Structures are given as C-alpha cells and as structure tokens.
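Taking it in order: structure first as structure tokens, then the write-up.
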Amino acid sequence: MIELKTHKEIEEMKPAGRFVGGILRELRETTKVGTNLLEIDEFVHKKIVDRKGATSCYVDYAPDFGTGPFAHYICTSVNDAVLHGVPYDYNLKDGDLVSLDLAINVDGWVADSAISFVVGEHQDPSDLRIIKCTEEALAAGIDAARAGNRLGDVSHAIGDVAREYGYPINLDFGGHGVGHIMHGDPHVPNDGKAHHGYKLREGLVIAIEPWFCKSTDDIYQDPKDGWTLKSEDGSRGAHSEHTIAITEHGPEILTVRD
C-alpha cells in the first residue's frame, strides 16, 4: 500500500535523512586505500549506538531476495559487486570502485541513501564515467518526481540518462517507498514509460536509486555470502541513491550530504 506523509511527518523524517547523509559524507572523506570493509561497518555501528533513537535497518533483515538475515550495518559493494555487498575482511586497493548503501531508522522513520567513488590515485576514467552516470540519472529522476507527474516519468528520466551513456538497465532492483519501513510501495524501476503509472502526489516519500553495470544488465548472487549482487560478466558497477519527499514546492532531498 502506498502511504502519503503529512507535512509534519516529512519534518519528522528529516533527522534520519540528515543522519544517514552525514555518515555517508564522513565515509566518503575517510575511506581510502587500506581501509578495511569491516572498519567501515564498525564505524556505522558505533554511529548508530551513539545516536539516541537510531537502529539499523539491515541487521537481522531477511527479505526473500537474500539468504538468511543480513548481519551488518551497511552494504559495501566493491568493483563488480554493485548491490547488497556484505562487509568482509578486505583492505581496499588503489583504484577500487566502492559503493556504500546505508539505511537507518531514527525515532521510527527510515532514510536510505547510497554513494559510489574510487579510492586512491589510479582512477580509471571508465569508473568515473559510470559513477557520473548514476549521479546524473539520480538528479534526473529527482527532478521528475513532482506532484502531477507519473511514476513512469521518474523511471523514464533515469533510463534516458543510462541510454545516453550507453549502459544496460536492470529492472529487478530499483527504488522504493520509504517511511516507517525501509522497503515499501511503490517500486521505482530504473526505466519506464513516461506519462504512465501511479500519479505522484504531495506527501509521497521514495528512495530513487539508479545503479548500472558497465557492460551487462545480468547479475548474480554471490554464493559465498548469499547477498552480494555482482555483474555476470565481471564488469564494474556504480550506485547512487537519495530519499526524497514530494512537496508542494517540488522534490526535497531528505538524505542531504552537504
């Protein structure tokens, strides 16, 4: 069921959005060559423990697309891993492409956001290009998320950017409604038909999350952890996400990172 939030409820969601955005900003600044993925996970764990009213949306999360409950506080996807990456004992290397996806509940409200970046000095232009694509697709999707438009307008705007860059598009995983739970209605595919679908209304809060792999839209679940989604051909991927609210003044980003 699609739920619309009141102005008061959207205001109540903002602390969660700022908290998630702030953590991702700190991680972007501090993650470097040699950083261990488990250190990132522990950093987030400590932030949650220290924040009154905050709880992880990931620990013990067990949807049908994962194998057993997720046991960490953040998703860390590296190189050919693009979604749901399970943190493990790995020190980042020069040139690694890292995607961090984080959802936290603060005082009963969830915020969800993701960033991608390359660590070190040797930054492959093709890695920077796909990251830029996801960021531009996210901006386009947000701009289309206006009352009176259709959900298909958001999806089509995302897909248009990916097509312009020449990247294939997977429709199995995408954006979603956000509120008291992390994954709610509606599903927000990363491509769609303009002027079709659910009519967007003020009070709708959704996570928009373009993710693409360089040369395939086929992904598989890593059998070693039962969660991490990787590209079928080994090509690298990137992922960008914000939680946004549709208001009378247009879309408002709740997971601000400034």
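The opening residue of the sequence shown carries number 1 in the UniProt record's numbering; numbering runs sequentially from there.
Cβ coordinates follow ideal geometry from the N, Cα and C atoms, glycine included.
Nothing here was measured: the structure is a model prediction, and the numbers come from that model.
Proximal residues to residue i (C-beta, below 7 Å), its chain only, five neighbours per side dropped
i, result
"Ile153", "Looking at the sequence shown, residue 153 is not Ile but Asp. Cβ within range, chain order: Ala144, Ala194, His195."
"Lys171", "The residue asked about is misnamed: residue 171 is Leu in this sequence, not Lys. So the list reads Pro189, Asn190, Asp191, once near-sequence residues are dropped."
Spatial neighbours of residue i in its chain, beta-carbon cut-off 6 Å, leaving aside the 5 residues before and after
i, result
"Val78", "Asp96, Val98"
"Gly120", "Val33, Asp94, Gly95"
Cβ-based burial, residue i [other Cβ within 10 Å; buried from 16]
i, result
"Val161", "buried"
"Thr6", "exposed"
"Asp101", "buried"
"Ile158", "buried"
"Ala62", "exposed"
"Lys230", "buried"
"residue 272", "With the chain covering 1 to 258 only, the question about residue 272 has no answer from this structure."
"Pro87", "buried"
"Asp124", "exposed"
"Val110", "buried"
Nearest neighbour of residue i, chosen from the options [CA to CA]
i, options, result
"Lys214", "Tyr220, Asp233, Gly148", "Asp233"
"Gly148", "Glu248, Asp258, Val256, Val20", "Glu248"
"Arg201", "Ile244, Glu121, Tyr167, Glu29", "Ile244"
"Met13", "Ala139, His180, Glu241", "His180"
"Lys132", "Arg150, Lys199, Leu38, Glu164", "Glu164"
Cβ shell of residue i (< 8 Å), same chain only, five flanking positions each side left out
i, result
"Glu11", "none"
Three or more C-beta pairs closer than 8 Å, one from the stretch 26–36 and one from the stretch 55–72: is that the case here? Because the criterion of three Cβ pairs below 8 Å is not met, the stretch 26–36 and the stretch 55–72 do not touch.
Tell me, please, whether the stretch 211–231 touches the stretch 176–186 by the rule of three or more beta-carbon pairs shorter than 8 Å. No contact exists between the stretch 211–231 and the stretch 176–186.
Whole runs of the beta strand (DSSP E) within the stretch 166–233, excluding any shorter than 3 residues: Qualifying beta strand (DSSP E) stretches, in chain order: 175–177, 184–188, 205–208, 211–213, 219–221, 229–231.
Does the pairing of the stretch 20–28 with the stretch 101–121 give three or more beta-carbon distances under 8 Å? Contact annotation: the stretch 20–28 touches the stretch 101–121, with at least three C-beta pairs closer than 8 Å.
Below 8 Å, can you find three or more Cβ-Cβ pairs linking the stretch 53–60 to the stretch 102–111? Contact annotation: the stretch 53–60 touches the stretch 102–111, with at least three C-beta pairs closer than 8 Å.
Could you tell me which uninterrupted alpha helix (DSSP H) segments, each at least 4 residues in length, are contained entirely in the stretch 37–76, listed from first to last along the chain? The DSSP assignment places complete alpha helix (DSSP H) segments of no fewer than 4 residues inside the stretch 37–76 at 37–50, in order along the chain.
Go through the stretch 119–145 residue by residue and report every complete run of the beta strand (DSSP E) that reaches 3 residues or more, in order. Restricted to the stretch 119–145, not a single beta strand (DSSP E) segment is unbroken, complete and at least 3 residues in length.
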